[in-house]
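**Student:** The sequence shown begins at 16 in this note's numbering and counts up by one. We put the CB at the ideal spot given by N, CA and C, even for glycine. Treat the numbers as computed from the prediction; the structure is a model and nothing was measured. Sharing a structure, written as C-alpha coordinates. Questions coming.
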Amino acid sequence: MKLDHDLVRHILLAIESNENISGPDGKELLASVSKRGYVNLDEIAYSITKLKEANYITGKASWGDNMPTEIIPGNLTFEGHQFLDNIRDDSVWKDTKKVLSKFSSVSLTFVSSVASSVITQLIKQQIGI
(Lines of atoms letter the chains of each structure in order from A and count residues from 1; the text may use other names and numbers.)
(Lines give C-alpha, C1' and ligand atoms only; values in the text may rest on other atoms or scores of the structure.)
Protein backbone atom coordinates (compact mmCIF):
# COMPACT_ATOMS: atom_id res chain seq x y z
CA MET A 1 0.00 0.00 0.00
CA LYS A 2 1.25 3.48 -0.81
CA LEU A 3 1.66 5.98 2.02
CA ASP A 4 -0.41 9.12 1.40
CA HIS A 5 1.61 12.08 2.68
CA ASP A 6 -1.44 14.36 2.81
CA LEU A 7 -3.23 11.83 5.00
CA VAL A 8 -0.14 11.54 7.22
CA ARG A 9 -0.17 15.32 7.67
CA HIS A 10 -3.90 15.37 8.48
CA ILE A 11 -3.49 12.58 11.03
CA LEU A 12 -0.67 14.41 12.78
CA LEU A 13 -2.62 17.68 12.80
CA ALA A 14 -5.70 15.89 14.18
CA ILE A 15 -3.69 14.23 16.94
CA GLU A 16 -2.00 17.49 17.91
CA SER A 17 -5.24 19.48 17.97
CA ASN A 18 -6.93 17.05 20.36
CA GLU A 19 -7.03 18.34 23.94
CA ASN A 20 -6.92 14.89 25.54
CA ILE A 21 -3.46 14.28 27.02
CA SER A 22 -3.43 10.76 25.58
CA GLY A 23 -4.57 11.94 22.15
CA PRO A 24 -7.83 11.38 20.30
CA ASP A 25 -9.62 8.06 20.30
CA GLY A 26 -10.10 6.23 17.02
CA LYS A 27 -13.57 7.65 16.38
CA GLU A 28 -12.35 11.22 16.89
CA LEU A 29 -9.48 10.68 14.47
CA LEU A 30 -11.74 9.09 11.85
CA ALA A 31 -14.20 11.98 12.15
CA SER A 32 -11.39 14.50 11.72
CA VAL A 33 -9.75 12.91 8.66
CA SER A 34 -13.11 12.10 7.05
CA LYS A 35 -13.79 15.86 6.95
CA ARG A 36 -10.75 16.01 4.63
CA GLY A 37 -12.15 13.25 2.41
CA TYR A 38 -10.25 10.32 3.91
CA VAL A 39 -12.67 7.49 4.67
CA ASN A 40 -10.73 4.36 3.66
CA LEU A 41 -10.04 2.56 6.95
CA ASP A 42 -7.24 0.49 5.41
CA GLU A 43 -5.37 3.64 4.33
CA ILE A 44 -5.89 5.31 7.70
CA ALA A 45 -4.79 2.24 9.68
CA TYR A 46 -1.79 1.76 7.38
CA SER A 47 -0.77 5.39 7.94
CA ILE A 48 -1.11 4.98 11.71
CA THR A 49 1.07 1.86 11.53
CA LYS A 50 3.77 3.63 9.51
CA LEU A 51 3.69 6.70 11.78
CA LYS A 52 4.21 4.38 14.77
CA GLU A 53 7.09 2.62 12.98
CA ALA A 54 8.68 6.03 12.30
CA ASN A 55 8.30 6.88 16.00
CA TYR A 56 6.11 9.89 15.18
CA ILE A 57 3.14 8.70 17.28
CA THR A 58 2.51 6.48 20.29
CA GLY A 59 -0.60 4.85 18.82
CA LYS A 60 -1.18 1.71 16.83
CA ALA A 61 -3.53 -0.04 14.47
CA SER A 62 -4.59 -3.65 14.92
CA TRP A 63 -5.50 -5.92 12.04
CA GLY A 64 -7.60 -9.08 11.82
CA ASP A 65 -8.84 -11.01 8.79
CA ASN A 66 -6.83 -8.64 6.58
CA MET A 67 -8.74 -5.57 7.78
CA PRO A 68 -8.26 -2.98 10.52
CA THR A 69 -10.00 -3.95 13.75
CA GLU A 70 -8.83 -1.10 15.97
CA ILE A 71 -7.23 2.30 15.42
CA ILE A 72 -5.63 3.98 18.43
CA PRO A 73 -3.92 7.22 17.33
CA GLY A 74 -2.16 7.89 20.62
CA ASN A 75 -0.19 11.11 20.84
CA LEU A 76 2.74 12.72 19.06
CA THR A 77 6.27 11.82 20.08
CA PHE A 78 9.06 14.39 20.12
CA GLU A 79 10.04 13.27 16.60
CA GLY A 80 6.40 13.58 15.55
CA HIS A 81 6.27 17.16 16.79
CA GLN A 82 9.47 17.99 14.91
CA PHE A 83 8.14 16.47 11.69
CA LEU A 84 4.79 18.24 12.04
CA ASP A 85 6.50 21.56 12.76
CA ASN A 86 8.24 21.23 9.38
CA ILE A 87 5.05 20.47 7.42
CA ARG A 88 2.37 22.36 9.38
CA ASP A 89 2.25 25.65 7.45
CA ASP A 90 -0.03 25.39 4.40
CA SER A 91 2.25 27.38 2.09
CA VAL A 92 5.31 25.38 3.18
CA TRP A 93 3.34 22.18 2.59
CA LYS A 94 2.23 23.35 -0.86
CA ASP A 95 5.82 24.20 -1.86
CA THR A 96 7.10 20.95 -0.34
CA LYS A 97 4.58 18.93 -2.34
CA LYS A 98 5.62 20.76 -5.50
CA VAL A 99 9.22 19.61 -4.98
CA LEU A 100 8.15 16.08 -4.00
CA SER A 101 5.99 15.72 -7.12
CA LYS A 102 9.19 15.41 -9.16
CA PHE A 103 9.89 12.04 -7.50
CA SER A 104 7.91 8.82 -7.80
CA SER A 105 8.40 7.83 -4.17
CA VAL A 106 9.88 9.53 -1.11
CA SER A 107 10.30 8.66 2.56
CA LEU A 108 8.84 10.66 5.43
CA THR A 109 12.40 11.58 6.39
CA PHE A 110 12.92 13.04 2.92
CA VAL A 111 9.58 14.88 3.15
CA SER A 112 10.78 16.48 6.38
CA SER A 113 14.14 17.41 4.82
CA VAL A 114 12.48 19.03 1.82
CA ALA A 115 10.05 20.93 4.07
CA SER A 116 12.98 22.13 6.16
CA SER A 117 14.73 23.34 2.99
CA VAL A 118 11.56 25.13 1.89
CA ILE A 119 11.39 26.87 5.28
CA THR A 120 15.06 27.86 4.99
CA GLN A 121 14.44 29.36 1.55
CA LEU A 122 11.42 31.30 2.84
CA ILE A 123 13.50 32.67 5.72
CA LYS A 124 16.26 33.71 3.31
CA GLN A 125 13.70 35.51 1.15
CA GLN A 126 12.27 37.30 4.19
CA ILE A 127 15.64 38.60 5.37
CA GLY A 128 16.95 39.32 1.89
CA ILE A 129 19.77 36.81 1.65
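Counting C-beta neighbours from all protein chains within 10 Å, is the total for Ser120 16 or more, i.e. buried, or is it exposed?
**Tutor:** By 1-based counting over the sequence shown, the position of residue 120 is 105. Exposed is the call here.
**Student:** Just curious, the beta strand (DSSP E) that Ile87 is in, first and last residue?
**Tutor:** The residue given as residue 87 occupies position 72 in the sequence shown. Ile87 -> beta strand (DSSP E) spans Met82 to Ile87.
**Student:** If you compare alpha carbons, which of Ile102, Asn81, Trp108 and Ser127 is closest to Glu58?
**Tutor:** Here the question's residue 58 lines up with position 43 in the sequence shown. Out of Ile102, Asn81, Trp108 and Ser127, Asn81 has the C-alpha closest to the C-alpha of Glu58.
**Student:** Are there 16 or more other CB atoms within 10 angstroms of the CB of Thr111, so buried, or fewer, so exposed?
**Tutor:** As a working mapping, residue 111 is identified with position 96 in the sequence shown. Thr111 should be labelled buried.
**Student:** Between the C-alpha atoms of Ile87 and Gly38, what's the straight-line distance to the nearest angstrom?
**Tutor:** If you number the sequence shown from 1, residue 87 lands on position 72. If you number the sequence shown from 1, residue 38 lands on position 23. Distance between the alpha carbons of Ile87 and Gly38: 9 angstroms.
**Student:** Short of 6 angstroms in beta carbon distance, which residues of its chain neighbour Lys75, apart from the five on each side in sequence? Order them along the chain.
**Tutor:** Counting from 1 along the sequence shown, the entry for residue 75 is found at position 60. Closer than 6 angstroms at Cβ, skipping near neighbours: Lys67 and Ile87.
**Student:** Taking DSSP's pairing of strands, which residues face Leu145 in a bridge?
**Tutor:** The structure shown does not extend to residue 145, since the chain is modelled only from 16 to 144, so the question has no answer here.
**Student:** For the alpha helix (DSSP H) containing Ser132, list its first residue and its last residue.
**Tutor:** In the sequence shown, residue 132 corresponds to position 117, counting from 1. First-last of the alpha helix (DSSP H) with Ser132: Leu123 to Ile142.
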